[in-house]
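Q: There's a structure below that I have some questions on.
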Amino acid sequence: MAADSQGNDITAVGIPISGSVGIAPITTALLTPAAGKAYDLELAEAFRKLGLQTEDGGHNWTLEADGDPIVFFQDGYSIPSGLANATLVVKLAQYDALTQELLSGAVPDANGYILIDAAGHSTEYRLFTEEIFKNGVIRRRQAGKATITGVVVDQSTRGEVNGVEVTFKIDRSPDLGNKHLGEWLIKPPVDGGTTGS
904 MAADSQGNDI TAVGIPISGS VGIAPITTAL LTPAAGKAYD LELAEAFRKL
954 GLQTEDGGHN WTLEADGDPI VFFQDGYSIP SGLANATLVV KLAQYDALTQ
1004 ELLSGAVPDA NGYILIDAAG HSTEYRLFTE EIFKNGVIRR RQAGKATITG
1054 VVVDQSTRGE VNGVEVTFKI DRSPDLGNKH LGEWLIKPPV DGGTTGS
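When you read off a place in the sequence shown, starting at 1, and then add 903, the result is the number in my numbering.
Written as structure tokens, this is what we have:
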């Protein structure tokens, strides 16, 4: 369906029904624009998906300018500061070895034991996210450099999922033209093919 006479297209409304978040070592190659467009994309083995998220723990993006704009002597002229606050917050339902790694920056030993420093760690990741909407559209994003700036474990409540809220800080990456993210908006294939329109 195309836009109506008011310019509105109800089929373009994003109603998320599923999605995923994957991390990979910072040395992992990013997807090319053409590769990331494949509707049935299979990520490189280096990417590990974070698993199930809580019902209310889907992708929560913040992409905003930070700091006061640079103002010039001439009235009405300014430019953005160039600073940005780019973050992704998700709430994981799964608590496994990968979640432990996110907390500590290290891999648990053969005993499932790990040492955690609450001050955090400086491990850098490639980040990949995918959100699937009810209309069949897929939104994918990749970040060239992501670090974890916060982990909050839900209070344990009998009979409820013990979620872990993870905050990723997204930095500019030279691999993305010194931008924070690359994004695809992929429509479902119209001919049964593997590439969205």
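Glycine is no exception: its CB is placed at the ideal position from the N, C-alpha and C atoms.
1. Is the region 965-977 touching the region 1017-1024, taking contact as three or more C-beta pairs under 8 Å?
2. Could you check what DSSP says for E1004 in three-state terms: helix, strand or coil?
3. May I ask you to report which of helix, strand or coil DSSP gives P928?
4. Decide if E1086 is buried, meaning its Cβ has at least 16 other Cβ atoms within 10 Å, or exposed.
5. Using alpha carbons as the reference points, say which of V1093, N911, V1055 and Q1045 lies closest to Y998.
6. Give the range of the alpha helix (DSSP H) segment to which G1085 is assigned.
7. Would you please state the rounded distance, in angstroms, between the beta carbons of Y942 and P1091? I believe it to be under 8 Å.
8. Compute the Euclidean distance between the alpha carbons of E1063 and E958, then round it to the nearest angstrom.
9. What residue does the beta strand (DSSP E) around A949 start on, and which one ends it?
10. Does the Cβ-Cβ distance between I918 and Y1028 come in under 8 Å?
11. Do A947 and T931 have their beta-carbon atoms positioned less than 8 Å apart in this structure?
12. At the level of alpha carbons, what is the spacing between K1044 and L1084?
13. When burial is assigned at 16 or more other CB atoms within 10 Å of the CB, is T1002 buried or exposed?
14. What separation, rounded to the nearest whole angstrom, lies between the Cα atoms of G910 and P983?
15. Quick check on L1105: does DSSP put it in helix, strand or coil?
16. Using CA coordinates, which residue listed in V1040, L944 and I1051 is at the minimum distance from G1008?
17. Considering only the alpha carbon of each residue, which of E1034, D971 and P928 lies closest to L986?
18. What first and last residue would you give for the beta strand (DSSP E) that runs through G1053?
19. Go through its chain and collect everything with a Cβ distance to N988's Cβ below 7 Å, but skip five positions before and after it.
20. Just reading off the beta strand (DSSP E) that A987 is part of, what are its end residues?
A: Taking the definition as stated:
1. Taking a contact to require three or more Cβ pairs closer than 8 Å, the region 965-977 and the region 1017-1024 do not qualify as touching.
2. For the purposes of this step, residue 1004 is identified with residue 101 of the sequence shown, where counting begins at 1. In this structure, E1004 counts as helix in the three-state DSSP scheme.
3. Taking the first residue of the sequence shown as 1, we reach residue 928 at position 25. Collapsing the DSSP output to three states places P928 in a strand.
4. In the sequence shown, the residue the question calls residue 1086 occupies position 183. Burial call: exposed.
5. For this step, residue 998 is matched to residue 95 along the sequence shown. Closest option to Y998, Cα to Cα, is V1055.
6. Here the question's residue 1085 lines up with position 182 in the sequence shown. G1085: not part of any alpha helix (DSSP H); member of the beta strand (DSSP E) spanning L1084 to I1089, first to last residue.
7. On the sequence shown, residue 942 is found 39 positions in, with the first residue counted as 1. On the sequence shown, residue 1091 is found 188 positions in, with the first residue counted as 1. Right, their Cβ atoms sit about 7 Å apart.
8. What you label residue 1063 is simply residue 160 of the sequence shown in a count that begins at 1. What you label residue 958 is simply residue 55 of the sequence shown in a count that begins at 1. Going from the Cα of E1063 to the Cα of E958 covers about 12 Å.
9. Your numbering for residue 949 matches position 46 in the sequence shown. No beta strand (DSSP E) contains A949, which DSSP labels as neither H nor E.
10. Here the question's residue 918 lines up with position 15 in the sequence shown. Here the question's residue 1028 lines up with position 125 in the sequence shown. At least 8 Å separates the beta-carbon of I918 from that of Y1028.
11. Indexing the sequence shown from 1 puts residue 931 at position 28. Indexing the sequence shown from 1 puts residue 947 at position 44. The Cβ atoms of T931 and A947 lie closer than 8 Å to each other.
12. Position 141 of the sequence shown holds residue 1044. Position 181 of the sequence shown holds residue 1084. One detail in the question is off: residue 1044 reads as Arg in this sequence, not Lys. C-alpha separation (whole angstroms): 6 Å.
13. Counting from 1 along the sequence shown, the entry for residue 1002 is found at position 99. Label assigned to T1002: buried.
14. Numbered from 1 along the sequence shown, position 7 holds the residue referred to as residue 910. Numbered from 1 along the sequence shown, position 80 holds the residue referred to as residue 983. Rounded to the nearest angstrom, the two C-alpha atoms are 31 Å apart.
15. A question about residue 1105 goes unanswered here, because the residues of the chain that appear run from 904 up to 1100.
16. The residue labelled residue 1008 in the question sits at position 105 within the sequence shown. The shortest CA-to-CA distance from G1008 to any of V1040, L944 and I1051 is the one to I1051.
17. The sequence position of residue 986 within the sequence shown is 83, counting from 1. Nearest C-alpha to L986: D971.
18. Residue numbering aside, residue 1053 sits at position 150 when the sequence shown is read from its first letter. From DSSP, the beta strand (DSSP E) with G1053 extends over I1041 to V1056.
19. The residue given as residue 988 occupies position 85 in the sequence shown. Answer for N988: T965, E967 and D969, listed in chain order.
20. What you label residue 987 is simply residue 84 of the sequence shown in a count that begins at 1. Start and end: L986 to L995.
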